[in-house]
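The structure appears right after this line, and notes come after that.
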Amino acid sequence: MLRETPQAIDAALLLDWYDRHHRDLPWRVSPPMALRGAIANPYHVWLSEVMLQQTTVQAVKAYFEKFLALWPTVEDLAAAATEDVMKAWAGLGYYARARNLKKCAETVAREHGGRFPDSEEGLKALPGIGDYTAAAIAAIAFNRRSAVLDGNVERVISRLYAIETPLPAAKPEMRALVYSLTPADRPGDFAQAMMDLGATICTPKRPACALCPFRGNCRALAVADPETFPRKAARKEKPLRLGAAFVAIDGSEAVYLRKRPESGLLGGMTEVPGTDWTSRRDGDTSIAAQPFAAHWEPCGSVSHVFTHFELRLSVYRAIVDGARPGMHGWWEPIATLAEQALPSVMKKAIAQAIPQAFKSG
DNA sequence: AAGGCGTGGAG
DNA sequence: TCTCCAAGCCT
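Quick note on full-length UniProt numbering: the first sequence kicks off at 1 and runs consecutively.
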């Protein structure tokens, strides 16, 4: 018979694949252990899921281990100084996640007796936990059947069903499809299996369809080019913004730092003084924008790409002798710069002015 | 609801 | 060099 659509999709195919090919990750209870009754620690699951939002597994591993070493339980994290959390998060990006992480830990410790809610609804009420993260924690840590839809799963589902609707409009349809596929007995493993499949087989470019447990069920593979899914709207280009950064060094080998506002770009993080970052070509990014009078010398520029714009910072350096009037920051010894809550763009600017700044030894 | 919000690695 | 993008959330 002529078959327009592939075979019905069977979660057991994926779970069998997962039992043999799952990735071993620091926050994961892998299938052999799980079969012996080991249960994922909700604190570990939550911490890893927040870190993994729009962030690669490779980048997260070291941060996850560092956080667990510093704060072994959610109560420890709730009791930590926010500044220490920001320092530990520095370099991972999307810093609102760190602020929400701290708030969420405080809420769980104070209002939930140190235990995470075990329902999607309860989880989603917490700061920094949205549709995806609530569903993931519910499934992985509490064995709840839920619709876990992240970027990987969107890609897998869009190919399995050759969904022509572009993202993000297709998300409700995709969410319903994932939910319908999710088995009641191993929802957490199913979710992680879908994500592992998306990360290792059903990849954005050159998917390894020959190795896929769903190769007999995939509509995109049958009738089209899987790589062209999911459909999505063309992105717009990033504007260029210009600015200046001023690296002041005092006689005792310390750098002048200050804190950024709590909200907005790099909110609550540490910076060197600088101008606003403007798209206008007439914005003053010259030495005239100096934060205080000193013998500023230009020492090149650094570029940095943010989510929605590219930044080119002119960097200036001056050797000064300590305090200036009207300064609200502090002098940080070069030796301890690496431990500060400095976002990557600021490390670049400081390294441009002081090449040995972040070199150990 | 569309845009703000980081970073570094892969190809 | 350039493009894409990785386990999204919030407003």
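Even for Gly, the Cβ is constructed at its ideal location relative to N, Cα and C.
1) Which one of 90, 182, 242, 157 has the shortest CA to CA distance from residue 380?
2) Residue range of the alpha helix (DSSP H) that residue 101 falls in?
3) When DSSP labels each residue in this structure, what does residue 148 get in the three-state scheme?
4) Do residue 296 and residue 318 have their C-beta atoms closer together than 7 Å?
5) Using three-state DSSP, classify residue 179 as helix, strand or coil.
6) Helix, strand or coil: how does DSSP classify residue 2 here?
7) Look at the alpha carbon of residue 89 and the alpha carbon of residue 124, and state the distance between them as a whole number of angstroms.
8) Let me know the secondary structure DSSP gives residue 57 once reduced to three states.
9) Should residue 188 be labelled buried (16 or more other beta-carbon atoms within 10 Å of its own) or exposed?
10) For residue 127, I'd like the list of residues in its chain whose CB is within less than 6 Å of its CB, leaving aside the five on either flank, ordered along the chain.
11) Looking at the unbroken beta strand (DSSP E) that takes in residue 245, where does it start and where does it end?
12) For residue 85, which residues from the same chain have a beta carbon less than 6 Å from its beta carbon, with the 5 sequence-adjacent residues on both sides left out?
13) Going by the DSSP bridge assignment, what does residue 43 pair with across the sheet?
14) Mapping the DSSP letters down to three states, classify residue 212 as helix, strand or coil.
15) Starting from residue 363, trace the beta strand (DSSP E) both ways and give me its first and last residue.
16) Check for me: the alpha helix (DSSP H) holding residue 344 runs from which residue to which?
17) Let me know the secondary structure DSSP gives residue 259 once reduced to three states.
18) Cβ of residue 314 within 7 Å of Cβ of residue 234?
19) Here's the rule I'm using: 16 or more other beta-carbon atoms within 10 Å means buried, otherwise exposed. How should residue 163 be labelled?
20) How many Å lie between residue 349 and residue 239 at the Cα?
21) Under 7 Å, do residue 334 and residue 271 count as touching if we go by C-beta distance?
22) Between which two residues does the alpha helix (DSSP H) harbouring residue 121 extend?
23) Nearest-angstrom Cα distance between residue 345 and residue 50?
24) Three or more beta-carbon pairs under 8 Å between the segment 259–269 and the segment 214–224, yes or no?
25) To the nearest whole angstrom, what separates the beta carbons of residue 159 and residue 229, a pair I think is in contact under 8 Å?
26) Kindly list the residues whose CB is nearer than 6 Å to the CB of residue 208, restricted to its own chain and excluding five residues on each side of it in sequence; keep chain order.
27) Could you tell me which of 96, 115, 129 sits nearest to residue 73, measuring between CA atoms?
28) Give the straight-line distance between the Cα atoms of residue 15 and residue 181, rounded to the nearest whole angstrom.
29) Let me confirm a value: residue 5 is counted as buried when at least 16 other C-beta atoms fall within 10 Å, else exposed. Which label applies?
30) Figure out for me which residue from 248, 133, 153, 30 has the closest Cα to the Cα of residue 320.
31) In the DSSP assignment, find the alpha helix (DSSP H) that holds residue 137 and state where it starts and stops.
32) Out of 110, 106, 139, which one is the CA nearest neighbour of residue 119?
33) Check whether the Cβ atoms of residue 67 and residue 52 sit closer than 7 Å, and answer yes or no.
34) Tell me which residue opens and which closes the beta strand (DSSP E) that residue 313 is part of.
35) Tell me which residues share the same chain as residue 2 and place their Cβ nearer than 8 Å to its Cβ, disregarding the 5 neighbours each side in the sequence.
36) Compare the C-alpha of residue 212 against each of 196, 224, 341 and name the closest.
Taking the geometry as given:
1) Only positions 1 to 361 of the chain appear in the structure, and residue 380 is not among them; the question remains open.
2) Segment 96–111, the alpha helix (DSSP H) holding residue 101.
3) In the structure shown, the three-state DSSP call for residue 148 is coil.
4) It is a contact, given that the beta carbons lie within the stated cut-off.
5) Judged by DSSP in its simplified three-state form, residue 179 adopts helix.
6) Reliability of the predicted coordinates at residue 2 is poor, the pLDDT of 38 falling under 50, and the value obtained from them is presented with this limitation in mind. It is coil, neither helix nor strand.
7) Straight-line Cα distance between these residues: approximately 22 Å.
8) Here residue 57 sits in helix by DSSP.
9) Classification for residue 188: buried.
10) The residues are 100, 103, 104.
11) In the DSSP annotation of this structure, the continuous segment of the beta strand (DSSP E) that includes residue 245 starts and ends at 240–250.
12) Within the same chain, residue 85 has close Cβ partners 98, 102.
13) Per DSSP, residue 43 has no beta-bridge partner at all.
14) Note: residue 212 maps to coil in three-state DSSP.
15) Outside the displayed range of the chain (1 to 361) lies residue 363, so it cannot be described from this structure.
16) It spans 344–353 - the alpha helix (DSSP H) in which residue 344 sits, taken as one unbroken run.
17) Reduced to three states, the DSSP call for residue 259 is strand.
18) Against a cut-off of 7 Å, the Cβ pair of residue 234 and residue 314 comes out as no contact.
19) Its Cβ being crowded by 16 or more others within 10 Å, residue 163 is buried.
20) For residue 349 and residue 239, the distance between alpha carbons rounds to 20 Å.
21) Contact: no.
22) Segment 120–124, the alpha helix (DSSP H) holding residue 121.
23) Note on geometry: alpha-carbon atoms of residue 345 and residue 50 lie some 22 Å from one another.
24) The segment 259–269 makes no contact with the segment 214–224, as fewer than three CB pairs between them are under 8 Å.
25) That belief holds up - the Cβ atoms of residue 159 and residue 229 are roughly 5 Å apart, short of 8 Å.
26) Non-local beta-carbon contacts of residue 208 in its own chain, meaning distances under 6 Å to residues more than five positions away in sequence, involve 201 in chain order.
27) For residue 73, the nearest C-alpha among the options comes from 115.
28) When rounded, the distance between both Cα atoms is 12 Å.
29) At residue 5, the pLDDT of 49 sits below 50, so the modelled position is not reliable and the matter cannot be decided from this model.
30) Of the candidates 248, 133, 153, 30, the residue whose Cα lies closest to the Cα of residue 320 is 248.
31) It spans 131–142 - the alpha helix (DSSP H) in which residue 137 sits, taken as one unbroken run.
32) For residue 119, the closest of 110, 106, 139 by C-alpha to C-alpha distance is 139.
33) Residue 67 places its beta carbon 7 Å or farther from that of residue 52.
34) Unbroken beta strand (DSSP E) run through residue 313: 310–320.
35) Here the model assigns residue 2 a pLDDT of 38, short of 50, so the residue's position is not dependable and the matter cannot be decided.
36) For residue 212, the nearest C-alpha among the options comes from 196.
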